[in-house]
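The structure under discussion appears below in the form of structure tokens.
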Amino acid sequence: MASKNKCTAYAGTVPMKEMLHCKFCELVIHWKCASISEQTMKDIQQCTGLIWCCNGCVGQMEAFKPGSQLSVMGGDTKTIHESNAVIINQIKDLGEKFNKTLVNDDLNLAMKNLESKITMLQDELKNIKNIQNCNNVISGQIKEIKTILDKKITEDILDKKINSLHDGLRKSYSDAVKDVVGKKVETVNNEVMSINDGIKALKEVVISTKKTIQLYSEVEERSFNFIIFKLKESNNLNFNDSKKEDDDKIMRILGAITDEKFDMSNVVKHYRLGKRSDNVRPLLVRLKPKVLKNLIMESLNNLKNLDDDLKGIGIGHDMTKDQKIKCKELMNLAREKEAADKEDFVYRVRGEPGNLRIIRIKKRLH
2 MASKNKCTAY
12 AGTVPMKEML
22 HCKFCELVIH
32 WKCASISEQT
42 MKDIQQCTGL
52 IWCCNGCVGQ
62 MEAFKPGSQL
72 SVMGGDTKTI
82 HESNAVIINQ
92 IKDLGEKFNK
102 TLVNDDLNLA
112 MKNLESKITM
122 LQDELKNIKN
132 IQNCNNVISG
142 QIKEIKTILD
152 KKITEDILDK
162 KINSLHDGLR
172 KSYSDAVKDV
182 VGKKVETVNN
192 EVMSINDGIK
202 ALKEVVISTK
212 KTIQLYSEVE
222 ERSFNFIIFK
232 LKESNNLNFN
242 DSKKEDDDKI
252 MRILGAITDE
262 KFDMSNVVKH
272 YRLGKRSDNV
282 RPLLVRLKPK
292 VLKNLIMESL
302 NNLKNLDDDL
312 KGIGIGHDMT
322 KDQKIKCKEL
332 MNLAREKEAA
342 DKEDFVYRVR
352 GEPGNLRIIR
362 IKKRLH
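In structure tokens, the structure reads:
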């Protein structure tokens, strides 16, 4: 009966002659599960001295190629081994001197202790990048050990010196790690602070842009409106009757200004500003076409054609808060100019809300 074995790919049993054995990790797998052809399997069986390697071991071998991380680490390890070889040779020289003062059993025990300490040092040295500095430290300690041997100091003192060397190396490694990590953390913190500053500046730009858009939107919205000042209203009427009364007055006012019959279909809405009181509230009117509003503002000289019950009213732009502040400043400046002018001129503020200016007008002589 043919020999059987288990395939690690599907845990089934197949004849040994159909199995592949990895020479590195002892993996056993059926040739079909290894994804090779029948012809390749026959070639493997016919060749003597041929070694088959599984995919896992092939992947690990890639790590040892020149330029790989393990290759680089191998170079560092080689350097460490060379340094350790120097140390071991120096220790052998010390042993020859030590043999003159200690019996064979004591010497063997001391050498074992030294070898144990050396093994521990090798593990620590694998993680230290600046090997030259470490070798300098080790050389200095070895000189001290030689001095101890020359003076025939006991093994206890020697052991203390070796422990001191071990502690020094551990501290040096710790300081080196802290220095590298600290610099990386500082770099990351600086980058984070730079990004935060950029985000803060971007937020400020977004807020400023948003405010600008809102301002332009408000200006555009108000550009369809105008306000009628000092237009009397009846406080004894209800809301609907009061609205009808304002409708009639608006038609009469705009008809007189435009010198033609005015159609209320051009009015989107109108309402009084503020709460009812003894004072006359301004009346805000919104028109559909902006061109009609511009025509009205350019024809305000026709207010003199109003009926007697409507005379005394004023018409102005619907301004934003900033525009009102600017207009008020210009009006005060116009009054100052007029007071200082000794000639027969008056100063008035004219123009669109976004383009207000002071103009000089000669007084009319009656």
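Take the sequence shown: its letters are residues 2 to 367, numbered as in our numbering. The beta-carbon is built from N, C-alpha and C at its ideal position, and this holds for glycine as well. For clarity, every value in this text was computed on a predicted model and none was experimentally measured.
Query, Result
"Quick one: measure Cβ to Cβ for Phe263 and Leu255, integer angstroms, because I've assumed they're closer than 8 Å.", "4 Å"
"So what's Tyr348 in DSSP terms, helix, strand or just coil?", "strand"
"Nearest-angstrom Cα distance between Gly355 and Ile196?", "38 Å"
"Which stretch, first to last residue, makes up the alpha helix (DSSP H) that contains Arg287?", "From DSSP, Arg287 is part of no alpha helix (DSSP H) but of the beta strand (DSSP E) over 284 to 288."
"Can you look up Val281 in the DSSP assignment and give me helix, strand or coil?", "coil"
"Counting along the chain, where does the alpha helix (DSSP H) carrying Gly256 start and finish?", "240 to 259"
"Apply the 10 Å Cβ neighbour rule to Asp319 and answer buried if 16 or more other Cβ atoms are within range, or exposed otherwise.", "buried"
"Does Gln47 pass the burial test, meaning 16 or more other C-beta atoms within 10 Å, or should it be called exposed?", "exposed"
"If we call anything under 7 Å between Cβ atoms a contact, is Gly317 one with Ile228?", "yes"
"Does DSSP put Leu293 in a helix, in a strand, or in coil?", "helix"
"Taking the straight line between their C-alpha atoms, what separation do you get for Glu19 and Trp32?", "6 Å"
"With DSSP as the reference, please indicate the residues paired to Arg361 in a beta bridge.", "Tyr348"
"Out of Ile89, Gln40, Phe25, state which residue places its alpha-carbon closest to the alpha-carbon of Met62.", "Phe25"
"Hey, quick one: how far does the alpha helix (DSSP H) through Lys270 stretch, first residue to last?", "Unbroken run through Lys270 is the beta strand (DSSP E), 268 to 273; no alpha helix (DSSP H)."
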